[in-house]
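Beneath this line is the structure, given in structure tokens, with notes to follow.
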Amino acid sequence: MLLTFTEQQLASLLPAYLRLDSSLHIKAMGPSVVEHMPDIQIGMRCTDVFDFVHTDIEEFFDNTQGVKPIRLVSRCGRTHLFGAAVFDKTGCILAVRHVLSEESMNNGTLYMNDFGYADPVVLSTMLISLQRAMLEESQATAIELAHERERSASLLERTGRVAGYMGHDFNNLLSIIRLNADRLLRKFGHDEKISNLAQIIRETAARGSNITQSLMKLSQQQTDTLLPIVIDDLIRGNDTFLNSVVGSGITFDIDLQAANAESVISYNGLLNCIINLLINAREAMPHGGLISLSTSITRGLATSTSDSGDTEPSAYIAICVADSGSGMNEALLSRAFEPLFSSKPKGTGLGLASVRDFAKEMGGDVWLESQVGEGTTVYLHLPLANPSTETQMAPEFVKSADAPAIGTRHILLVEDEPYALEALAEMLEAEGYAVTPCASGEQAMHALEQQAYHLLLTDIVMPGQPGTEIARLAKLSQPSIKTILMSGYVPDSASLEPGWMFIRKPMDSDELLRLVASAV
Amino acid sequence: MYGMIHRAVRQMVFDELGEDAWLALEHKLGIGPTELLTGMVYDDALTIAIISEASARLNISVDACLFEFGRYWIKYAERGSLASIMNFTGQDLASFIENLDRLHLAVGAAMPGARLPSFTTISKAPGQLMVEYRSDRTGLEQFVLGLFDGLITRFGATGDVMIAEHKADSIIFELQYQDGS
Numbered sequence: 023m024l025l026t027f028t029e030q031q032l033a034s035l036l037p038a039y040l041r042l043d044s045s046l047h048i049k050a051m052g053p054s055v056v057e058h059m060p061d062i063q064i065g066m067r068c069t070d071v072f073d074f075v076h077t078d079i080e081e082f083f084d085n086t087q088g089v090k091p092i093r094l095v096s097r098c099g100r101t102h103l104f105g106a107a108v109f110d111k112t113g114c115i116l117a118v119r120h121v122l123s124e125e126s127m128n129n130g131t132l133y134m135n136d137f138g139y140a141d142p143v144v145l146s147t148m149l150i151s152l153q154r155a156m157l158e159e160s161q162a163t164a165i166e167l168a169h170e171r172e173r174s175a176s177l178l179e180r181t182g183r184v185a186g187y188m189g190h191d192f193n194n195l196l197s198i199i200r201l202n203a204d205r206l207l208r209k210f211g212h213d214e215k216i217s218n219l220a221q222i223i224r225e226t227a228a229r230g231s232n233i234t235q236s237l238m239k240l241s242q243q244q245t246d247t248l249l250p251i252v253i254d255d256l257i258r259g260n261d262t263f264l265n266s267v268v269g270s271g272i273t274f275d276i277d278l279q280a281a282n283a284e285s286v287i288s289y290n291g292l293l294n295c296i297i298n299l300l301i302n303a304r305e306a307m308p309h310g311g312l313i314s315l316s317t318s319i320t321r322g323l324a325t326s327t328s329d330s331g332d333t334e335p336s337a338y339i340a341i342c343v344a345d346s347g348s349g350m351n352e353a354l355l356s357r358a359f360e361p362l363f364s365s366k367p368k369g370t371g372l373g374l375a376s377v378r379d380f381a382k383e384m385g386g387d388v389w390l391e392s393q394v395g396e397g398t399t400v401y402l403h404l405p406l407a408n409p410s411t412e413t414q415m416a417p418e419f420v421k422s423a424d425a426p427a428i429g430t431r432h433i434l435l436v437e438d439e440p441y442a443l444e445a446l447a448e449m450l451e452a453e454g455y456a457v458t459p460c461a462s463g464e465q466a467m468h469a470l471e472q473q474a475y476h477l478l479l480t481d482i483v484m485p486g487q488p489g490t491e492i493a494r495l496a497k498l499s500q501p502s503i504k505t506i507l508m509s510g511y512v513p514d515s516a517s518l519e520p521g522w523m524f525i526r527k528p529m530d531s532d533e534l535l536r537l538v539a540s541a542v
Numbered sequence: 039m040y041g042m043i044h045r046a047v048r049q050m051v052f053d054e055l056g057e058d059a060w061l062a063l064e065h066k067l068g069i070g071p072t073e074l075l076t077g078m079v080y081d082d083a084l085t086i087a088i089i090s091e092a093s094a095r096l097n098i099s100v101d102a103c104l105f106e107f108g109r110y111w112i113k114y115a116e117r118g119s120l121a122s123i124m125n126f127t128g129q130d131l132a133s134f135i136e137n138l139d140r141l142h143l144a145v146g147a148a149m150p151g152a153r154l155p156s157f158t159t160i161s162k163a164p165g166q167l168m169v170e171y172r173s174d175r176t177g178l179e180q181f182v183l184g185l186f187d188g189l190i191t192r193f194g195a196t197g198d199v200m201i202a203e204h205k206a207d208s209i210i211f212e213l214q215y216q217d218g219s
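One line per chain: the protein sequences are E and D, in this order.
Following the working numbering, the numbering of the first sequence begins with 23 at its first residue and continues without gaps.
Following the working numbering, the numbering of the second sequence begins with 39 at its first residue and continues without gaps.
Take a look at the structure:
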């Protein structure tokens, strides 16, 4: 098949073509050559105006058969052309086109008309450029979305803080109502009418408390009640549930040797930790095996390393969860507590990280020992509620046996709400405690200089010194003093120290009295 | 239409009325950044709703707003990330319009789902172009008029654009212009 094109048709298909005669003189050229290389004229010898890249000209034009690839650069303007030389009896056609790049598109040196209608390089280069443009716009959108998210988070944080303070104020009021309703019951509970009215007030305060709980959820408050808990009792009380967590096909062995030893912790926090550890152990043994959960009182360093600075050996409650599963190699072991890291395909990487956060918050530590093919043991250490009781004592003596008579137990009570202060003082005195009521941190500091106290019971959010600062100063001046903090809201700035007990307002009088009794 | 168009409308409202006006528009329509994703193809009803709200805020008719937006789109494209493609498509008004279909071929490949129009130059004389426009969309004539008007300005010319003929499946636009300088 022989196709014949006119110069115009050829120019449409190949706008940068050149037609040469047998002596290499230019006989015709495309519009793009005319446009971009105005110095080149018909009749000029091609080799005088173009350099042929990597080509021996004499040899190239000696053998004038078929089609040969070719690349040339104009001597004037350095325009690059590439394509093929097609030979015929009159000479040859250089079926070439421009080298198109994003740079030549950007600087406007080449236009679409410099390329033939069907030239695929136009589509592909434009596609790349378009995708780059879309990527730039997408990046701008991503940044906008990130800013939007930041704004939303900031708004949520501000709303949460306002909700927290509103919750705090409502809780304070509800606390006063509840404590004084309890006073009514204590004093006039024998009168059925007054008793009924007091119950109505208590129940209404409890309903109000549910509303403040919603506000507290908005404020992201996570602080649970912190109180001395007998670890063995907690495990024993939940053993049926823990068995169900482990599931069938795995032998579950519980060995509790910490007896009555207490640690000041969040009940739900520790239970969640144990559940997380059991789930990890179970998932390490898809074909069954043995999980043992044990407790003991151990004397040693609080942490697995000495980098915490706590180098004094002391007594700790040790909780161990051991499995006979596949174990972990060094690489996995070193990343096990890393947030969002998980060796399991569907793992969240939050379980062990949350256990470590809990242990650290409670003043303890957690670490792992593992052998590939032999299993993994998790050691969770928690401080004793009363560190003066050491391991040389039998566990049953961990709780102090020679506590002072109740009337000689002195409580320093700090609360800025006068009605709450009055109600609390009266309630504690009715139980036989010697109470020094203070309406501010300043009064509390003065009281601490006057006499020794067994317990500091203080509100957290108060004008002037917050309760957490009073607690730190009290511990400095009277190291044996126990601390119970009470609040409807714990601001971020008020970090609680390990060993401090915490009860959320509005408080149940009986729960507070139990906590006070266990503390002193 | 695709998100890049929405972003351009937003920029036009920003330029003319400020950020607060756009935020009020977003609030009224219940949209946000997720309706401005460049490569996403959105329902035309959303695009028209945005234009309609913008026209109310600019205190002009929807038709006038479409025309202004057509003009604005050319400026938006030539100063943004599409600048190199705009430069490459043509060095003068006639060649630019002749190459629009080739440009849209690449746009279609980059944005599957985009419903792109077709432009054919049916006659060309000094200072005059007759262009046939085909699209499966309706109601965008004012936008196209604005686009051509914006292109005349882009190439330093002055002139007028008008609809010469409504055909069964196309519209003929007539561009009369005088080159600048």
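Built from N, CA and C at the ideal position, the CB exists for glycine as well.
When CB distances to chain D are screened at a threshold of 8 Å, not a single residue of the stretch 297-311 of chain E falls below it. Within chain D, no C-beta atom comes nearer than 9 Å to that of L103/E; the closest sits roughly 18 Å away.
Taking 7 Å as the cut-off, the Cβ atoms of L312/E and T262/E do not count as close.
Residue state for P440/E is assigned as helix, using DSSP reduced to three classes. DSSP places P250/E in the strand class (E or B) of the three-state scheme. A447/E is a Cβ neighbour of L435/E, given a cutoff of 7 Å. Within chain E, the residues placing a beta-carbon under 7 Å from that of A144/D are L145, M148, L149 and L152, ordered along the chain. A direct Cα-to-Cα measurement between L237/E and D532/E gives close to 25 Å. Exposed is the label assigned to N97/D, since fewer than 16 other Cβ atoms lie within 10 Å of its Cβ.
When rounded, the separation of the alpha-carbon atoms in W111/D and R192/D is 11 Å. What L120/D touches in chain E, judged by beta-carbon distance under 7 Å, is A155, going in chain order.
Collapsing the DSSP output to three states places H212/E in coil.
Taking the Cα positions, D277/E is about 19 Å away from N294/E. The distance from the Cβ of I190/D to that of Y171/D is about 16 Å, inconsistent with a contact at the 8 Å cut-off. For the stretch 128-140 of chain D, the set of residues with a beta-carbon nearer than 7 Å to any beta-carbon of chain E comprises G128, Q129, S133, N137 and R140, in chain order. Closer than 9 Å at the C-beta level to chain E, one finds these residues of the stretch 55-82 of chain D: G70, P71, T72, L74, L75, T76 and G77. Judged by their CB atoms, L201/E and A445/E are nearer to each other than the 7 Å cut-off. Per the DSSP secondary-structure output, Y401/E pairs in a beta bridge with C342/E and W389/E. In chain order, M127, N128, N129, G130 and Y133 make up the part of chain E whose C-beta sits under 9 Å from the C-beta of N125/D. At a Cβ-Cβ threshold of 7 Å, D136/E and S54/E count as neighbours. Judged by DSSP secondary structure, P91/E falls within the beta strand (DSSP E) whose first and last residues are V89 to S96.
DSSP, reduced to helix, strand and coil, places L42/E within a strand of the structure shown. Bounds of the alpha helix (DSSP H) holding F134/D are L131 to E136. Of the residues assessed, A541/E falls on the buried side of the cut-off, its CB having 16 or more other CB atoms within 10 angstroms. Each of L154/D, Y114/D, R175/D and L84/D was checked against the Cα of G68/D, and the nearest Cα belongs to L84/D. Nearest CB-CB separation between S160/E and chain D: below the 7 Å threshold. A straight line joining the alpha-carbon of Y80/D with that of G41/D spans about 7 Å.
The contact set of E124/E on chain D, defined by CB atoms closer than 8 Å, consists of S122 in chain order. Distance check between R378/E and each of L249/E, Y401/E, E170/E and E453/E places Y401/E closest, using alpha-carbon atoms only.
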